[in-house]
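>
Number of protein chains: 2
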Amino acid sequence: MKVGIFLFDDFETLDVFGPVEILGRINEFYQIDFYSAFGGIVNNSHGVSMDTKKLDSILGGVDIFIIPGGFGTRKIVINSKLLDTIKQIAGLSKYVLTVCTGSAVLAKTGLLDDRFATSNKRVFDWVITNGEKVKWIKKARWTVDEKFYTSSGVSAGMDMTLGFLADTHGIAFARNIAFEIEYTWQEDKDQDPFSV
Amino acid sequence: MKVGIFLFDDFETLDVFGPVEILGRINEFYQIDFYSAFGGIVNNSHGVSMDTKKLDSILGGVDIFIIPGGFGTRKIVINSKLLDTIKQIAGLSKYVLTVCTGSAVLAKTGLLDDRFATSNKRVFDWVITNGEKVKWIKKARWTVDEKFYTSSGVSAGMDMTLGFLADTHGIAFARNIAFEIEYTWQEDKDQDPFSV
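Note that the protein sequences, when read in sequence, are chains G and Y.
Once you know that position 4 of the first sequence is 4 in our numbering, the rest is easy, because the numbers rise by one and skip nothing.
Once you know that position 168 of the second sequence is 364 in our numbering, the rest is easy, because the numbers rise by one and skip nothing.
1) Would you say Lys250(Y) reaches chain G, if we count a Cβ-Cβ gap shorter than 8 angstroms as a contact?
2) Starting from Val273(Y), trace the beta strand (DSSP E) both ways and give me its first and last residue.
3) Determine whether the Cβ of Val238(Y) lies closer than 8 angstroms to any Cβ atom of chain G.
4) Are Val16(G) and Ile26(G) closer than 8 angstroms when you measure CB to CB?
5) Exposed or buried, which one is Lys317(Y) when buried takes at least 16 other CB atoms within 10 Å?
6) Work out the CA separation of Ile58(G) and Gly39(G) for me, nearest whole Å.
7) Helix, strand or coil for Gly353(Y), going by three-state DSSP, please let me know.
8) Residues in the region 104-130 of chain G with C-beta within 8 angstroms of chain Y's C-beta atoms, listed in sequence order?
9) Please compile the residues from chain G whose C-beta is within a distance smaller than 7 angstroms of the C-beta of Ser351(Y).
10) Which residues, in chain order, does the region 205-224 of chain Y contribute to contact with chain G at a C-beta distance below 9 angstroms?
11) In chain G, which residues lie less than 9 angstroms from Gln284(Y) when you measure between Cβ atoms?
12) Between the C-alpha atoms of Pro19(G) and Val301(Y), what's the straight-line distance to the nearest angstrom?
13) Please report the straight-line C-alpha distance between His365(Y) and Ile260(Y), rounded to a whole angstrom.
14) Helix or strand or just coil, what does DSSP make of Phe71(G)?
15) If the criterion is Cβ atoms closer than 8 angstroms, does the pair Thr101(G) and Thr73(G) meet it?
16) Determine the chain Y residues that contact Met194(G) at a beta-carbon separation under 8 angstroms, and present them in chain order.
17) Between Ile262(Y) and Val199(Y), how many whole angstroms is the CB-CB distance? I'm expecting something under 8 angstroms.
18) Leaving out five residues on either side along the sequence, give the residues of the same chain with a beta carbon under 6 angstroms from the beta carbon of Gly70(G).
19) Would you tell me roughly how many angstroms separate the C-alpha atoms of Ser348(Y) and Glu132(G), rounded to the nearest one?
20) Give the interface partners of Val48(G) over in chain Y, defined as CB-CB distance under 9 angstroms, in chain order.
21) Any beta carbon of chain G sitting closer than 8 angstroms to that of Ser253(Y)?
22) Which chain Y residues sit within Cβ distance under 8 angstroms of Gln191(G)?
23) Taking all protein chains shown into account, do 16 or more other C-beta atoms lie within 10 angstroms of the C-beta of Asp113(G), making it buried, or fewer, making it exposed?
24) Using the DSSP secondary-structure output, state which residues sit across from Ser347(Y) in a beta bridge.
25) Go ahead and pull the three-state DSSP assignment for Ser245(Y).
26) Counting only beta-carbon separations shorter than 8 angstroms, does Trp93(G) have a partner in chain Y?
27) Please say whether Leu55(G) and Ile89(G) have beta carbons closer to each other than 8 angstroms?
28) Whose CA, out of Gln186(G), Glu182(G), Asp192(G) and Ser195(G), lies closest to the CA of Leu210(Y)?
29) To the nearest angstrom, report how far apart Asp247(Y) and Arg175(G) are at their CA atoms.
30) Residues of chain G with a CB under 7 angstroms from the CB of Ser348(Y): which are they?
31) Could you give the first and the last residue of the continuous beta strand (DSSP E) run that contains Asn239(Y)?
32) Quick one: give me the first and last residue of the alpha helix (DSSP H) that Ser299(Y) is part of.
33) Does the beta carbon of Ser45(G) sit closer than 8 angstroms to a beta carbon anywhere in chain Y?
34) Could you give the C-beta distance for Phe312(Y) and Asp341(Y), rounded to a whole number, given that I count them as a contact under 8 angstroms?
35) Applying the 10 Å Cβ sphere with the 16-neighbour rule, what's the burial state of Lys385(Y)?
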């Protein structure tokens, strides 16, 4: 399956590379590519630079479209042209996974209207302003609503990605991946120790 | 503090970006740069490409030298010239942190002789062949021996990096970082659910 990860300046490091670690090690099933609005180098404040392809090259959608969070999302939710592109790709993709404030971006496209979603708990008040019709759930490690998966902050993206694997390959498969990376997977998406 | 991360082809994604997420968000203290044997682009099997500087530019050491693991370590432990360079940098750095099979590389330089260390539990038998004088500890999430920190597999690098922050900035500081990234930090370095 083709995995397209949307990058932008000031993306959050682990939002991206947590899911990449998990899907990337199953490279008999998942091939990962990185995309940005204009292609080329994308930077974040953690010193990470990534080379990307143009988002325009996947206008027909991918199998799994991943939208991470980070401070850079603040600029994306006010960029209507870019939101149109994201809406088209997300609409045509088989699955869409957001991590952290990535759900603010997806909400702003309208695709989460009347759907369940969650986000980072530290900036939840800002996130929900981006989708008044979204059924936001504050206490959730991640949510699933048909093809749309949304996770809480940063590390929660790993739990959600393992949850995605459980849904598509079975729980034993997901548990084995967690074991291989020596990760204590929080399997219950409704448990959220960070929502207080 | 200057953080130098050693990259090589087929490094393990999360070994690198777990610690980068944690140290990178404290960028008033930590500046991260990536290095490799010859500089330039380094790739791994998860589809991640990183641009790097030459390892030769930090022969005088850095404040924190990080050696991740991954399949690529198999080639490094038989490259005596590169091991000499790593030994010099690690020897002159204030702290050295290894993740996963990164401890096999550090062990092979001899710098872990008579010191406590751990590594990935899935390939522990191979790792220990790289340092017969190392006091290997099979049941540990991470170990600390003076300036040398070594962690278990992949995700354990995050727990170790938070442990490093606790040792240098205090436990409240480390807990706050874990909270910010919504990460359930395993604070006890001697607990190891993956050593069975």
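We treat Cβ as the ideally placed atom computed from N, Cα and C, and that holds for glycine.
Taking the geometry as given:
1) So no, Lys250(Y) is outside the interface.
2) Where Val273(Y) is concerned, there is no enclosing beta strand (DSSP E), given that its DSSP letter is neither H nor E.
3) no
4) no
5) buried
6) 12 angstroms
7) Helix, per DSSP.
8) Result list: Asn120, Lys121 and Arg122.
9) Ordered by position in chain G, the residues that pass the 7 angstroms Cβ test against Ser351(Y) are Ile181, Glu182 and Tyr183.
10) Glu208, Thr209, Leu210, Asp211, Val212, Phe213, Gly214, Val216, Glu217, Ile218, Leu219, Gly220, Arg221 and Asn223
11) Listed by position along chain G, the residues whose Cβ is nearer than 9 angstroms to that of Gln284(Y) form an empty set, because the closest Cβ is around 23 angstroms away.
12) 26 angstroms
13) Taking the straight line joining both Cα atoms gives about 15 angstroms.
14) coil
15) yes
16) Note on identity: in this sequence residue 194(G) is Phe, with Met being the wrong assignment. In chain order: Phe375 and Glu378.
17) With a Cβ gap of about 7 angstroms, Ile262(Y) and Val199(Y) count as contacting.
18) Asp10, Phe11 and Glu12
19) 44 angstroms
20) Per Cβ cutoff of 9 angstroms: Phe213, Val216, Gly220, Ile228, Phe230 and Met246.
21) no
22) The contacting residues do not exist; Gln191(G) stays about 10 angstroms from chain Y at best.
23) exposed
24) Trp338(Y)
25) strand
26) It is worth fixing the name first, because residue 93(G) is Ser in this sequence and not Trp. Ser93(G) does not count as touching chain Y.
27) yes
28) Glu182(G)
29) 33 angstroms
30) Glu182
31) Gly236 to Asn239
32) First-last of the alpha helix (DSSP H) with Ser299(Y): Gly298 to Lys304.
33) yes
34) Right, their Cβ atoms sit about 5 angstroms apart.
35) buried
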